[in-house]
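In terms of the numbering used here, the sequence shown is residues 22 to 280.
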Amino acid sequence: MKRIHAFEFEDLQWFPKVLRDFMTDFLQFGANTFDIYKSVVPILEKGIRSSENNTIIDIASGGGGGWLKLAPHLKKDNQNLKIIVSDYYPNLNAFRRMKSKLPDTIDFIDYPVNATEVPLNLKGFRTLFLSLHHFRPGDAKVIFQNAIETHQPIGIFEAQQRNFKSIIPMLLSPISVVVMTPFIRPFKMSRLLFTYLIPILPILILWDGIISVLRTYTRNELHEMISTLDNTDSFSWEIDIVKGKPNEILYVLGIPKTK
22 MKRIHAFEFE
32 DLQWFPKVLR
42 DFMTDFLQFG
52 ANTFDIYKSV
62 VPILEKGIRS
72 SENNTIIDIA
82 SGGGGGWLKL
92 APHLKKDNQN
102 LKIIVSDYYP
112 NLNAFRRMKS
122 KLPDTIDFID
132 YPVNATEVPL
142 NLKGFRTLFL
152 SLHHFRPGDA
162 KVIFQNAIET
172 HQPIGIFEAQ
182 QRNFKSIIPM
192 LLSPISVVVM
202 TPFIRPFKMS
212 RLLFTYLIPI
222 LPILILWDGI
232 ISVLRTYTRN
242 ELHEMISTLD
252 NTDSFSWEID
262 IVKGKPNEIL
272 YVLGIPKTK
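What follows is the structure in structure tokens.
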């Protein structure tokens, strides 16, 4: 299946913030409800150990992803863990709710953070969950190159692959939106309005879900991308798929080699 970099509504600057936040709220709710990233905990632990400050800098976090479930898994062996979430279009209400639930572990950045230009003061294990596919190949390479140049470990995690198997759940996503929306907090009438009376959200999430699959990089494409980076040999790289429930997770882990 050829990679197609069509647009996702969440990426558009003019897209209404209220709808973008509702969409990322839905993704966060699903990720935490089903603990879909539990299978990558051992990979995350490798990245944390390679960092110098026990800090995860999560980039392109959307509504916060699966950290409310991942954080307790990771803190079992790392009580001093800090997780800082960020995004170019930060869902600040979602970030604040996350911090209120895990105030000793989770913090957030309240200004836009560009994944291709991570501020130098943000040091730690960089992670991108369900977000590398948003970037064209040139920009994706910049994300990796920036990690190399700043000597920061990086982990990329995609909860789908570019195949027909991954498209099937996306086709069913409108049903998931309809079923799950009443349980998403905080309760908002506008969320119900755009789900049931004016069913914009199921359609938007369907579109973005299918496009996400079509945009996702394959293992071979990621290998090729990594091989063309400057000083790529200064990092140790893993590119593989972890089998978990309900999703297989495609990941890239880059760790600076010790001198």
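For every residue, glycine included, the Cβ atom is placed at its ideal position computed from N, Cα and C.
Residue i: first and last residue of the uninterrupted alpha helix (DSSP H) it sits in
i	result
Phe185	185-192
Asp261	Segment 256-264 is the beta strand (DSSP E) holding Asp261; no alpha helix (DSSP H) there.
Lys23	First-last for Lys23: undefined, no H or E at that position.
Ile276	Ile276 -> not in any alpha helix (DSSP H); beta strand (DSSP E) instead, spanning 269-277.
Asp251	Here Asp251 belongs to no alpha helix (DSSP H), and DSSP marks it neither H nor E.
Ile224	221-236
Proximity to residue i [Cα-Cα], best of the options
i	options	result
Arg118	Gly86, Leu143, Pro140, His94	Gly86
Val62	Lys97, Leu143, Ile196, Ala81	Lys97
Leu123	Val163, Asn184, Phe165, Asn101	Asn101
Gly79	Asn99, Asn135, Leu40	Residue 79 is actually Asp in this sequence, not Gly. Comparing Cα positions, the closest option is Asn135.
Gly159	Glu179, Thr137, Leu141	Thr137
Ala180	Ser82, Asn252, Ser152	Ser152
Ile105	Asn75, Asn99, His94	Asn75
Ala81	Leu243, Phe178, Glu73, Arg240	Phe178
Own chain residues within Cβ distance below 8 angstroms of residue i, not counting five before or after
i	result
Leu113	Phe129, Asp131
Pro133	Asp108, Tyr109, Tyr110, Pro111
Met18	One cannot answer for residue 18 here, as it falls past the ends of the chain, which runs 22 to 280.
Lys90	Ala52, Asn53, Asp56, Tyr58, Lys59
Glu66	Leu95, Asp98, Asn99
Leu250	Lys162, Phe165, Gln166, Ile169
Sequence-distant residues of its chain with Cβ nearer than 7 angstroms to residue i (five each side left out)
i	result
Asp261	Tyr272
Phe256	Ile169, Gly275, Ile276, Pro277, Lys278
Asn184	Met22
Same chain, Cβ closer than 6 angstroms to residue i, neighbours up to 5 away in sequence not counted
i	result
Met246	Lys162
Leu227	Ser194, Pro195
The ligand GDP heavy atom lying under 7 angstroms from the CB of residue i
i	result
Phe129	The ligand GDP is absent from the structure shown, which contains no ligands of any kind.
Residue i - containing beta strand (DSSP E), residue span
i	result
Pro93	From DSSP, Pro93 is part of no beta strand (DSSP E) but of the alpha helix (DSSP H) over 88-96.
Asp79	76-79
If you scan the region 39-67 from start to end, which runs of the alpha helix (DSSP H) of 4 or more residues do you find wholly inside it?
none
Does the region 26-35 come close enough to the region 226-244 to have 3 or more Cβ pairs within less than 8 angstroms?
yes
Is the region 55-72 close to the region 267-278, with three or more CB pairs under 8 angstroms?
yes
With contact counted as at least three CB pairs below 8 angstroms, one residue from each stretch, are the region 142-152 and the region 169-188 in contact?
yes
Any chance the region 212-224 sits against the region 260-268, with 3 or more Cβ pairs inside 8 angstroms?
no
Taking only runs that begin and end inside the region 122-205, name each unbroken alpha helix (DSSP H) of 4 or more residues, in chain order.
158-171, 185-192, 194-201
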